[in-house]
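What follows is a short report on a single structure.
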Amino acid sequence: SPEVHSIRINQLPAQVEHFFGRIQARRQLIEALVEQRPTVGIICNFYGMGGIGKTALAVWVAHAVAEVYDGVIFIEMQHSSATQPCRLSAALQQAVRPFLGYHALVPTDPEELSAIYRQMLHGRRFLVVLDDVGDLATLRAFTPPAGCALLTTSRDRLLIDPPANAWDVPTLQIQDAQALLLSRAPHLEHDPLLPTLLERCDYLPLAVRQASTILAEQPSLSLARYLMRLDSALYRTAAFHHADQDVYDILGRSDAQLALQNPGLATRWRMLHICPNEFPASVVATIWAEPDPYILEAQLAELRRFSLLRYDSATQRYRLPRLLRDIAHDRCDTLARTVALERYAAFFQCLNVYTHDLIDTPAQTIYAMAVLQEVWPDLLEASEYLQRRNGMPSSGAENDLVGPEVIRAIRLHFNQLTCLS
């Protein structure tokens, strides 16, 4: 058997500076890692969209429990990196080399390496942290033996057992996002536009951190002018770029990976940028002209798996975060945008007519008014688009865009509202 070097291993990066929020997730994970059962290895997963702070959260928790373990192994898998992802065999070699010595000859076969990995950890209590994992094959290869733990981060939700050990990392609470921003740009504390900036950043830690750093380094740049840059399609990319980090580039990698695996679904996702607010599945069915509810449900689930779409189970509505909507807008081709806008406008135009007809029915008046209140922002958006379009020469593309799918979608929309009420 291989000779094992008995040294204490701690490969963790430096502790995160200015860590705010996520108190419940931190507490739950620390409890899971400290009080784990000695007869079985434990696997935990933080998942969510890029820039949401999964790595920072994992590193913070790993530092908090490091003394409980005999050692900590940290490996960057770089699945969503702009560079080449770390191959499974290379990651396993990185895991076993501290035990065997960095000059030892190690195999290249992943299965053989996985067996050595488990042998090295057997009888010890180690925490292994894998950052930016992309598939279940990696989890299987790194499944820890009894007494050890595996903590992973990923953009996709990984199916682990028990499911309770998978945390969907949310955006920051308003007060935590504000604390993070002011830790770097304290001169903005009393600026009345501060809440607007946090909202424009989607309360995303990466975006808040980039914005606060830029504003701190450029004191002559007022918050009002910076917000103007963020609202400009021409300047917003540069406004979120600092040093070697580009917010839109990091977030856009999920779309790029989807485009490689499923180009048609990537095109459909980009079409959703026209929705200004939360939207039900019926609106998606209209924009995509998708008559099959099973295909619709499966594709929406796939977008959620890629962390490209948020879903609120209480309202049964989807949401495209503002920064992702910017990316979808910039990458959507002209024809797809025209198709989406025509169908979207037709849907809410028909819904408007249908609802006003219900208002004239005494038994349906209150219900119809509630529907109108719910969809009012979308009605305004659709109306503004039709006014703009009617003032321009017709491209002819819209002639065949609206058909029975609009009526089907309206019926679906009212069925959903009835269920919710």
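First residue of the sequence shown: 1024, per our numbering; consecutive thereafter. We treat Cβ as the ideally placed atom computed from N, Cα and C, and that holds for glycine.
Query, Result
"Cα-Cα separation between Arg1232 and Ile1197, rounded to whole angstroms", "14 Å"
"Cβ-based neighbour list, Leu1381, same chain, cut-off 6 Å, excluding 5 preceding and 5 following", "Gln1387, Ala1391"
"Same chain only: Cβ atoms within 7 Å of His1086, ignoring 5 sequence neighbours per side", "Leu1035, Gln1038"
"C-beta neighbour in chain C for Ala1247, strict 8 Å", "Considering every chain present, this structure includes no chain C. It has just one protein chain."
"Residue environment, Met967, which counts as buried when at least 16 other CB atoms sit within 10 Å", "Outside the displayed range of the chain (1024 to 1444) lies residue 967, so it cannot be described from this structure."
"Neighbour-count burial assignment, Thr1062, 16 or more Cβ in a 10 Å radius", "exposed"
"Contact check, Arg1178 vs Tyr1317, beta carbons under 8 Å", "no"
"Cβ-Cβ distance between Leu1052 and Val1084 below 8 Å", "yes"
"Status (buried if at least 16 other CB within 10 Å, exposed otherwise) for Arg1163", "exposed"
"Sequence ranges, alpha helix (DSSP H) only - wholly within the segment 1109-1195, length at least 4", "1111-1123, 1133-1144, 1159-1164"
"Alpha-carbon spacing of Phe1097 relative to Pro1314, whole angstroms", "46 Å"
"Under 8 Å between C-beta atoms of Leu1203 and Leu1211", "no"
"Ser1104 burial status per 10 Å Cβ neighbour count (16 or more: buried)", "exposed"
"Nonlocal neighbours in the same chain, by C-beta distance under 7 Å from Ala1247, ignoring five residues either side", "Leu1216"
"Inter-residue Cα distance where the pair is Ala1200 and Leu1128", "48 Å"
"Arg1342, DSSP secondary structure in three states", "strand"
"DSSP three-state assignment for Cys1355, whether helix, strand or coil", "coil"
"Tyr1226 - DSSP class collapsed to helix/strand/coil", "coil"
"Beta-carbon contacts of Asn1033 that lie in its chain and below 7 Å, excluding the five residues immediately before and after", "Ala1089, Gly1094, Val1095"
"Separation of Ala1081 from Ile1065, as counted between CA atoms", "15 Å"
"Burial state of Leu1195 (16 or more Cβ within 10 Å)", "buried"
"For Gly1074 and Cys1224, the rounded distance between their alpha carbons", "11 Å"
"The alpha helix (DSSP H) enclosing Tyr1271, as first and last residue numbers", "1270-1284"
"Gln1101 beta carbon less than 8 Å from that of Pro1108", "yes"
"Assumed close pair Leu1343, Leu1295 - CB separation to whole angstroms, cut-off 8 Å", "5 Å"
"Simplified DSSP state of Gly1071, which is helix, strand or coil", "coil"
"Check whether Gln1322 and Arg1291 have beta carbons under 8 Å apart", "yes"
"Boundaries (first-last residue) of the alpha helix (DSSP H) holding Glu1054", "1046-1057"
"Residue from Phe1263, Leu1402, Leu1056 with nearest C-alpha to Leu1001", "Any question about residue 1001 goes unanswered here, given that the chain covers just 1024 to 1444."
"Any non-hydrogen atom of the ligand ATP closer than 7 Å to Ser1336 Cβ", "The ligand ATP is not part of this structure, which contains no ligands at all."
"Residue burial classification, Ser1235 (beta-carbon count within 10 angstroms, cutoff 16)", "buried"
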